[in-house]
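Colleague:
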């Protein structure tokens, strides 16, 4: 009987068409167009490319010799490791702790999640004030602890730490909530049985919570790695144009820099292609490493 | 879960660690807000003092309203994000209904096209989208509405695939008996969708709407391509611009950040359950 309603397929077309029009026109078509643009001569945003570069693969050749490309890829991979270890790692610890306390679960959830709803742009401005050399919050704390000179948190060498710490901090709550939801799905009976058998709280965490969370942790890891490729707002606000000395570029910010600041639009398109390739390859690697298990 | 009620030393340590992390998420924001009420040189002297007595000033806020068009930025941002959320809910809902209920040749292909569409980062499409919209004459024109439209369209597309995946999963779980009953009463597919499916899918629509709204509201990358005229700045563009221009006026920076963050905090406090659910929808089923 159920199939009768949907035997006439014509309405399906009308339902699907608008959504598909958007996806084809604003995602699939522009993506292929970006690939083509990366081979063309295009030095102005919005202009239509008329001729190919000579030779057509110029941009890709240039990429190999461009030290900033290597810096940005390296920084992006560091960012991935930081998000993976920092965000997911801290989130696991916090989630396991919250799961074992009686009161206040809800309030911690609310407080931990809250940086995520604030725009990374506003957070970037906030962290500019916090890491201010001229007596920002961090330097004032260090001064109170007896440190004499002021640290320049945006100097070469330490700039990457200053950039990645806020990105990491912002999203811990996101993975925290996912993990806590995963922990709530573990049946109470398992814990009760373990308690009757004399397991301590730590043993319950080690032998029940962590193994049962395996798949959720995998999901989080994949999200963290793919998310690291999309980071743009906060680094761009705190370290515009890759300052200092173009050492803090990520693939996304470097693509933006080439496109908008130096008007090297076709090169920006080539970098965009690189970002997609990098994303696909890394997603494959992460999926292979964190394969989901069935219990 | 079996939990002990008495406070063991271990439990106290756990609480202390949890509270320390909570302080890292809350205190920086309180710190910025309190410093927004102090003159620049007082911030540098002691930023931890509460802005009481002589320290208190509203000069930063007055300057913020003088140097930036905050209301204009709010207007642009709210318009863009509301339109994006509404259009995503409407169009993705219809698409998801068709994907969930109709089986036709090519429906597998369409499913993988939807999942595939989630893979494109904004970086990969933005140059060509700008090119296309410039040719259509809607990007970088003098018209406020067209400029907003030029951001709204790609942002709708950017949220569409994800919204469809979430909504398809939800609609598949609805009991088909209700639709059968409506069909027996003589409803056609469109009436079934608008009168039966839509009311039932409300919770999931809320999830998708919140997700799309916040994603669009907080986005800087796409907007920085399409909203380059100062009189059409959205909130993120306005923030980025003022930080580049007046980055050394720390009092002003703190005031602007406070003016942008406080409304978000208020909304978050009222709707936190729905917001948390909306933002984690992809990873946690439901």
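Protein chains in written order, with the working numbering: chain V, 1 to 295; chain E, 296 to 581. Positions of the beta carbon are idealized from the N, C-alpha and C atoms, including for glycine.
Considering only DSSP beta bridges, list what residue 52 (chain V) is partnered with.
Modeller: Its beta-bridge partners are V:40.
Colleague: Mind pulling the chain E residues with CB within less than 8 Å of residue 169 (chain V)?
Modeller: Neighbours of residue 169 (chain V) on chain E, chain order: 319 and 320.
Colleague: Could you tell me which uninterrupted alpha helix (DSSP H) segments, each at least 4 residues in length, are contained entirely in the region 173-239 of chain V, listed from first to last along the chain?
Modeller: Listed in chain order, they are 188-196, 201-204, 214-229 and 233-238.
Colleague: Can you confirm whether residue 12 (chain V), when its beta carbon is compared against all beta carbons of chain E, has any partner nearer than 9 Å?
Modeller: It does: the Cβ of residue 12 (chain V) has a partner Cβ on chain E nearer than 9 Å.
Colleague: Excluding five sequence neighbours on each side, which residues of the same chain lie with their C-beta closer than 6 Å to the C-beta of residue 332 (chain E)?
Modeller: 346 and 351.
Colleague: Just the chain V side, please: which residues come within less than 7 Å of residue 524 (chain E) by C-beta, in chain order?
Modeller: Here the premise fails: no neighbours, minimum Cβ distance about 14 Å.
Colleague: Starting from residue 149 (chain V), find everything on chain E with Cβ-Cβ shorter than 8 Å and list it in chain order.
Modeller: Neighbours of residue 149 (chain V) on chain E: none; closest Cβ ~16 Å, over 8 Å.
Colleague: Is the distance from the Cβ of residue 22 (chain V) to the Cβ of residue 418 (chain E) below 9 Å?
Modeller: Going by C-beta atoms, residue 22 (chain V) is not nearer than 9 Å to residue 418 (chain E).
Colleague: Which word fits residue 425 (chain E), buried or exposed, when buried means at least 16 other C-beta atoms lie within 10 angstroms of its C-beta?
Modeller: Classification of residue 425 (chain E): buried, given that the 10 Å Cβ count is 16 or more.
Colleague: By Cβ distance below 6 Å, which residues in the same chain neighbour residue 367 (chain E) in space, the five residues on each side in sequence not counted?
Modeller: Within the same chain, residue 367 (chain E) has no close Cβ partners at all.
Colleague: Within 10 angstroms of its Cβ, does residue 438 (chain E) collect 16 or more other Cβ (buried), or is it exposed?
Modeller: The residue is exposed, with fewer than 16 neighbouring Cβ atoms inside 10 Å.
Colleague: Counting only runs of 4+ residues fully inside the region 88-113 of chain V, write out the alpha helix (DSSP H) ranges in chain order.
Modeller: Segments of the alpha helix (DSSP H) lying fully in the region 88-113 of chain V: 89-99 and 105-113.
Colleague: What would DSSP say about residue 15 (chain V), mapped onto helix, strand or coil?
Modeller: Correct three-state label for residue 15 (chain V): helix.
Colleague: Check distances from the C-beta atoms of the region 324-335 of chain E to those of chain V and list, in chain order, the residues that come in under 8 Å.
Modeller: Within the region 324-335 of chain E, the residues whose Cβ lies closer than 8 Å to some Cβ of chain V are 324, 326, 327 and 330, listed in chain order.
Colleague: At a Cβ threshold of 9 Å, is residue 415 (chain E) touching chain V?
Modeller: Interface residue, yes.
Colleague: DSSP three-state label for residue 62 (chain V), please.
Modeller: Helix.
Colleague: Against chain V, does residue 350 (chain E) count as a neighbour if the rule is that its beta carbon must be under 9 Å from one of theirs?
Modeller: So no, residue 350 (chain E) is outside the interface.
Colleague: Taking C-alpha atoms, which residue in V:151, V:19, V:92 and V:197 lies nearest to residue 217 (chain V)?
Modeller: The shortest Cα separation from residue 217 (chain V) among V:151, V:19, V:92 and V:197 belongs to V:92.
Colleague: How is the alpha helix (DSSP H) around residue 423 (chain E) delimited, first residue to last?
Modeller: Its alpha helix (DSSP H) spans residues 417-431.
Colleague: Which value, in whole angstroms, describes the spacing of the CA atoms of residue 384 (chain E) and residue 399 (chain E)?
Modeller: Their Cα atoms are separated by approximately 24 Å.
Colleague: Tell me whether residue 241 (chain V), by its Cβ, gets closer than 8 Å to a heavy atom of the ligand MG.
Modeller: The ligand content of the structure shown is nil, which means the ligand MG is not present either.
Colleague: Between which two residues does the alpha helix (DSSP H) harbouring residue 357 (chain E) extend?
Modeller: That run of the alpha helix (DSSP H) goes 354-362.
Colleague: Looking only at its own chain, which residues have a Cβ that is under 8 Å from the Cβ of residue 324 (chain E), when we skip the five neighbours before and after it?
Modeller: Cβ neighbours of residue 324 (chain E) beyond the five flanking positions: 556 and 560.
Colleague: I'd like to know if residue 263 (chain V) contacts chain E, where contact means its C-beta is closer than 9 Å to some C-beta of that chain.
Modeller: By this cut-off, residue 263 (chain V) is not an interface position.
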